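There are 2 protein chains.
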Amino acid sequence: MKDIKIIDVAKRANVSPATVSRVLNGSKLVNAKTEQRVMQVIREMEYIPNNMGKQLRSRKTMTLAVVVSDVLVSYYAEIIKGIENMANSLHYRVLICDAQNQRAKELEFLSFLINHTVDALIMVTPSLSDEELSSYAEDGYRLAVIGREVGHPLIPCSFTDNITLARDVIYHLTEQGHRKIAFLSGYSEATDSIKRLEGFIQALEEAGIPFEQGLVENGDFSEDGGYEAFKRLRSQCEDFTAVFAANDEMALGVYKACAEMDISIPDQLAVVGVDNIRLTNYVVPRISSMEQPLYMMGSVLAEKLIDQINDNRLADQRLFVLNAELVVKESSLRKISN
Amino acid sequence: MKDIKIIDVAKRANVSPATVSRVLNGSKLVNAKTEQRVMQVIREMEYIPNNMGKQLRSRKTMTLAVVVSDVLVSYYAEIIKGIENMANSLHYRVLICDAQNQRAKELEFLSFLINHTVDALIMVTPSLSDEELSSYAEDGYRLAVIGREVGHPLIPCSFTDNITLARDVIYHLTEQGHRKIAFLSGYSEATDSIKRLEGFIQALEEAGIPFEQGLVENGDFSEDGGYEAFKRLRSQCEDFTAVFAANDEMALGVYKACAEMDISIPDQLAVVGVDNIRLTNYVVPRISSMEQPLYMMGSVLAEKLIDQINDNRLADQRLFVLNAELVVKESSLRKISN
DNA sequence: ATGAAAGCGCTAACAA
DNA sequence: TTGTTAGCGCTTTCAT
Chain D
21 MKDIKIIDVA
31 KRANVSPATV
41 SRVLNGSKLV
51 NAKTEQRVMQ
61 VIREMEYIPN
71 NMGKQLRSRK
81 TMTLAVVVSD
91 VLVSYYAEII
101 KGIENMANSL
111 HYRVLICDAQ
121 NQRAKELEFL
131 SFLINHTVDA
141 LIMVTPSLSD
151 EELSSYAEDG
161 YRLAVIGREV
171 GHPLIPCSFT
181 DNITLARDVI
191 YHLTEQGHRK
201 IAFLSGYSEA
211 TDSIKRLEGF
221 IQALEEAGIP
231 FEQGLVENGD
241 FSEDGGYEAF
251 KRLRSQCEDF
261 TAVFAANDEM
271 ALGVYKACAE
281 MDISIPDQLA
291 VVGVDNIRLT
301 NYVVPRISSM
311 EQPLYMMGSV
321 LAEKLIDQIN
331 DNRLADQRLF
341 VLNAELVVKE
351 SSLRKISN
Chain X
21 MKDIKIIDVA
31 KRANVSPATV
41 SRVLNGSKLV
51 NAKTEQRVMQ
61 VIREMEYIPN
71 NMGKQLRSRK
81 TMTLAVVVSD
91 VLVSYYAEII
101 KGIENMANSL
111 HYRVLICDAQ
121 NQRAKELEFL
131 SFLINHTVDA
141 LIMVTPSLSD
151 EELSSYAEDG
161 YRLAVIGREV
171 GHPLIPCSFT
181 DNITLARDVI
191 YHLTEQGHRK
201 IAFLSGYSEA
211 TDSIKRLEGF
221 IQALEEAGIP
231 FEQGLVENGD
241 FSEDGGYEAF
251 KRLRSQCEDF
261 TAVFAANDEM
271 ALGVYKACAE
281 MDISIPDQLA
291 VVGVDNIRLT
301 NYVVPRISSM
311 EQPLYMMGSV
321 LAEKLIDQIN
331 DNRLADQRLF
341 VLNAELVVKE
351 SSLRKISN
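Top line first, the protein sequences correspond to chains D and X. Going by the numbering used here, the first sequence opens with residue 21, and the numbers climb by one from there. Going by the numbering used here, the second sequence opens with residue 21, and the numbers climb by one from there.
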């Protein structure tokens, strides 16, 4: 805790603080000899620049905030890791903001932009509307969104192509011979749900299968929600042979319900989930699942955002649409006898 | 992006910047009328104080850093959540630092203390030595450790009582009638491993069971490590009836090996793990496990650290020793017929 | 109870 | 290539 300042280094090296600053920031306008001498003194004195002074003067915090609904959920953790690694490699820091599923918290974290706690903010939460986010972007705050598309030219977004995702699931199931396929969706208002329903319907059409509203039921992306939704579905209709669950949590709920109802997977019912979480490999039969490139969604967006900060202008590409990939496991494979 | 400054508010309210600052910081030395008028203007102008200026002047960042080995591991995520919630409720922010299992990264993050990026730092990683950490503390930097005890009077620590943890496991197993119990430890140098071995030996003694070195094998806290270690163990000795695994990951490795070797759990072998991760409830039979109070370890330490920052002195309690709790499931319960 | 003024540590115009 | 100087926005003595 010695608290050496730039002026101390400057004096010892017989230069001005400005020159020391130039050396520290890798300016080209410094004589090689001078630079060496200054560096030498910096090392000798173990000088480390004070970040607060630097921030105030340069009007940059070199920090990004990431707002997630819940740090515990592996979905978010993976995205965070992608952001972290990219940001760190570009000399940025990452402030994790856990909104704990509370809208009020999300709004609170937005103020980090206004009060200059961070240079930019990445929202990975669903609850703020496009309009709310757009109005911040309009005011000049750097904002980005992961997980959905926001229709504002100043807001970069990275997300999965959910229409294609759903279609890929249905292709796989129809290939396996299924004609009666149910869709266990998430919250009906979630853009994920809307897009996936769209893809679901498209793929059915392409396969010449009529769409039945009775084969769609909404849950809340949780295991319990999946369990309940599946039971509701089943009470309406008994003859579907496959279920496309909005995520693996809901697929696990289906497993639970099937265990109770003595429905055997995959013989009587094929199941496909989304996210390919670790647990899908530990239940029997293992759950086929669409794996989203979460790490990539985080890292491309962080890169884009930092690039934007540095150029102080919006680069060409704003939307990063990534594709999920089906990982086929036993839950959706018919036995050979079939 | 209007960038209103404290001077703007001051002018409009016909007071000095000092008074506005007093109002903002809840100083008692402001006339009630004046305060009201200033507050009114602050609201009207939607003034939000610039954090950079505030930090520089007050020499506080109101930010804690948490250094973890890997944000993806649920063990760390739970601790982080505890820190986050406590810190936020005390108006602190949390900077997550993912060391990615690299010692060099950990050291890098330590510099956040020196360059005033954060006010204090919580290490949840194992690789920095007590000496290294102590020397920082000695220099006046605020540092805390989660997961192990560091013997320096200025470093608060929260951790699980690993001796008691191991003893509780062995009590449970001997109660079930086991006399030949193996211990699948983690890295042999890890303090967790050392303490648990100590508790393991103590409990055996108390139960009048001789300790056999051949029943101890080391792994690396991973599923694969557990798998390998179990096979090594088994090749040395075949007649143990129970395994205490250093964590649930290693217990999962035991499950994998047992499946291959046709050993039935719990009939031929009882298994107990540590951490009680979610996965323990999805394998069959479910894994009995010691649940550590991770969230609590994070929150008590954050509270302590912030308290220490505010008082600028070390309060009474430095060590927070918490107890794990056994969650008994089928993997360690003998069938009634036994 | 309030204001004036100094300055936290740094960088960036502008001069030289 | 280097130095001088003026702040970045805020808080905090010290007066009053």
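The beta-carbon is built from N, C-alpha and C at its ideal position, and this holds for glycine as well. Just so it is clear, the structure is predicted and the values come from calculations on it, not from any experiment.
Would you check if the distance between the CB atom of residue i and the CB atom of residue j is smaller than 8 Å?
i, j, result
"D/I142", "D/L321", "yes"
"X/V86", "X/V144", "yes"
"D/L185", "D/G219", "yes"
"X/E352", "X/V291", "Note on residue identity: the sequence assigns Ser, not Glu, to residue 352 of chain X. Yes, they are a contact pair."
"X/G273", "X/G246", "yes"
"D/I99", "X/S131", "no"
"D/M281", "D/A249", "no"
"D/S166", "D/M317", "Inspection of the sequence shows that residue 166 of chain D is occupied by Ile rather than by Ser. Against a cut-off of 8 Å, the Cβ pair of D/M317 and D/I166 comes out as a contact."
"D/A107", "D/P146", "no"
"X/I297", "X/S94", "yes"
"D/L18", "D/D268", "There is no way to answer for residue 18 of chain D, as the model of chain D reaches only from 21 to 358."
Kindly indicate which residue of the options has the alpha-carbon position closest to the one of residue i.
i, options, result
"D/I285", "D/D295, D/E269, D/V303 and D/N296", "D/V303"
"D/S178", "D/L325, D/S78 and D/E209", "D/L325"
"D/E243", "D/Y275, D/E151 and D/I100", "D/Y275"
"D/E237", "D/P230, D/S309, D/I214 and D/L224", "D/I214"
"D/Q222", "D/N182, D/D259, D/Y247 and D/E258", "D/N182"
"D/G239", "D/A227, D/A202, D/L133 and D/V189", "D/A202"
"D/K11", "D/P69, D/N34 and D/M65", "One cannot answer for residue 11 of chain D here, as it falls past the ends of chain D, which runs 21 to 358."
"D/L92", "D/V29, D/E104, D/Q120 and D/E269", "D/Q120"
"D/P305", "D/L314, D/E350 and D/L299", "D/E350"
"X/E345", "X/L314, X/D331, X/N330 and X/R354", "X/L314"
"D/S89", "D/E152, D/L148, D/M106 and D/D259", "D/L148"
"X/E258", "X/K200, X/I297 and X/L299", "X/K200"
"X/E226", "X/D188, X/A271 and X/E55", "X/D188"
"D/E55", "D/K101, D/S255 and D/V43", "D/V43"
"X/M310", "X/R338, X/Q337, X/L342 and X/D336", "X/L342"
"X/E195", "X/V29, X/I26, X/K25 and X/R354", "X/R354"
"D/N330", "D/V29, D/S78 and D/S36", "D/S78"
"X/P37", "X/S47, X/K48 and X/K25", "X/K25"
Return the CA-CA distance between residue i and residue j, expressed in angstroms with no decimal places.
i, j, result
"D/N358", "D/S205", "Unreliable placement is indicated for D/N358, whose pLDDT of 41 sits below 50; no coordinate value is reported for it."
"D/S41", "X/G73", "20 Å"
"D/N45", "D/A157", "30 Å"
"X/D118", "X/A97", "11 Å"
"X/S319", "X/F340", "11 Å"
"X/D23", "X/K31", "15 Å"
"D/N301", "X/L289", "23 Å"
"X/M21", "X/E66", "11 Å"
"X/D150", "X/D212", "15 Å"
"X/V347", "D/T261", "38 Å"
"X/I356", "X/R168", "The pLDDT assigned to X/I356 is 42, lower than 50, so where the model puts this residue is not dependable; a value taken from the coordinates is nonetheless given after this. One C-alpha to the other measures close to 39 Å."
"D/D287", "D/P230", "23 Å"
"D/Y191", "X/K101", "40 Å"
"D/S109", "X/Y112", "26 Å"
"D/G228", "D/G197", "13 Å"
"X/N71", "X/I175", "28 Å"
Could you give the first and the last residue of the continuous beta strand (DSSP E) run that contains residue i?
i, result
"X/M143", "A140 to M143"
"D/E237", "V236 to N238"
"X/T83", "T83 to V88"
"X/V341", "L339 to L342"
"X/S309", "S308 to E311"
Is any non-hydrogen atom of the ligand ZN found closer than 7 Å to the C-beta of residue i, if you look at the structure I gave you?
i, result
"D/V93", "As presented, the structure is devoid of all ligands, the ligand ZN included, so that no description of it is given."
What residue range is occupied by the uninterrupted alpha helix (DSSP H) comprising residue i?
i, result
"D/M59", "A52 to M65"
"D/R429", "The structure shown does not extend to residue 429 of chain D, since chain D is modelled only from 21 through 358, so no value can be given for it."
"D/E232", "No alpha helix (DSSP H) holds D/E232; DSSP gives it neither H nor E."
"D/G197", "Looking at the DSSP string, D/G197 is not in any alpha helix (DSSP H), and its letter there is neither H nor E."
"X/V76", "Per the sequence shown, the amino acid found at residue 76 of chain X is Leu instead of Val. Note, X/L76: alpha helix (DSSP H), N71 to S78."
"X/V40", "P37 to L44"
"X/V29", "I26 to A33"
Which whole-angstrom value is the C-beta distance of residue i and residue j, which I expect to be below 8 Å?
i, j, result
"X/Q60", "X/R162", "No, X/Q60 and X/R162 are not in contact; Cβ-Cβ is about 38 Å, not under 8 Å."
"X/L84", "X/D139", "7 Å"
"D/T180", "D/H136", "Not a contact, Cβ separation roughly 33 Å."
"X/E104", "X/V114", "5 Å"
"D/L277", "D/F241", "In the sequence under discussion, the amino acid at residue 277 of chain D is Ala, which differs from the Leu named in the question. The Cβ separation is near 16 Å, so there is no contact."
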